[in-house]
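*Asks:* According to this note's numbering, the sequence shown is numbered sequentially starting from 1. Following this message is one structure expressed as structure tokens.
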Amino acid sequence: MLEIPREILEATIAQAKEGFPLEVCGMMGGVGHRVTTRYPMTNTDASNEHFTMDPKEQFAAVKAMRAAGEEMLVIYHSHPESPARPSQEDIRLALTPNVCHLIISLERPDEPVAKAFRITAGVVEPVQLTIAG
Numbered sequence: 001m002l003e004i005p006r007e008i009l010e011a012t013i014a015q016a017k018e019g020f021p022l023e024v025c026g027m028m029g030g031v032g033h034r035v036t037t038r039y040p041m042t043n044t045d046a047s048n049e050h051f052t053m054d055p056k057e058q059f060a061a062v063k064a065m066r067a068a069g070e071e072m073l074v075i076y077h078s079h080p081e082s083p084a085r086p087s088q089e090d091i092r093l094a095l096t097p098n099v100c101h102l103i104i105s106l107e108r109p110d111e112p113v114a115k116a117f118r119i120t121a122g123v124v125e126p127v128q129l130t131i132a133g
């Protein structure tokens with residue numbers, strides 16, 4: 001299970017809409033299964049089909065999480081024109097253990113969809129997403 005405050009999810013969806021037609025990305029930190037902080041990143045690929053987080057922003061976010069007593073719980077990105085499910089590239093590049101992968105689909109821009117997954121050694125498992133607040 002993954003719990004995300006409504007305002008953090010809404011800000012993430014807003015980031016995806018603002019970044020359209022490109023993929024956007026970032027991380028979320030928290031404790032246990034509860035997200036407390038969102039760390040938006042620059043997609044250095046500037047692509048609508050894949051993303052790479054800016055390494056300096058990534059390092060700063062990890063440092064901020066540690067200072068706040070948080071763990072990295074989520075790596076998120078958007079799918080501007082495809083469903084909220086991991087692509088083959090998402091699965092291949094999911095190398096960070098013990099994190100959820102949150103995908104925001106804008107396939108229907110007026111009805112964004114958010115889904116979470118655990119991806120371990122190429123195996124994708126859905127994660128129950130709870131919106132708090």
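Virtual Cβ for every residue (Gly too), placed ideally from N, Cα, C.
1) Do the segment 4 to 11 and the segment 88 to 100 meet, that is, are 3 or more Cβ pairs less than 8 angstroms apart?
2) Look at the alpha carbon of V113 and the alpha carbon of P83, and state the distance between them as a whole number of angstroms.
3) Output yes or no for whether 8 angstroms exceeds the beta carbon distance between R34 and E81.
4) Taking only the alpha-carbon atoms, compute the straight-line gap between P109 and I131 and give it to the nearest angstrom.
5) Could you give the C-beta distance for T42 and E70, rounded to a whole number, given that I count them as a contact under 8 angstroms?
6) Taking P55 as the reference, which of G26, K115 and S87 has the closest Cα?
*Replies:* In brief:
1) No, the segment 4 to 11 does not touch the segment 88 to 100.
2) CA-to-CA, the gap between V113 and P83 works out to about 8 angstroms.
3) Contact: no.
4) If you take the alpha carbons of P109 and I131, they lie about 20 angstroms apart.
5) With a beta-carbon spacing of about 21 angstroms, T42 and E70 fall beyond the 8 angstroms limit used to define contacts.
6) Nearest C-alpha to P55: G26.
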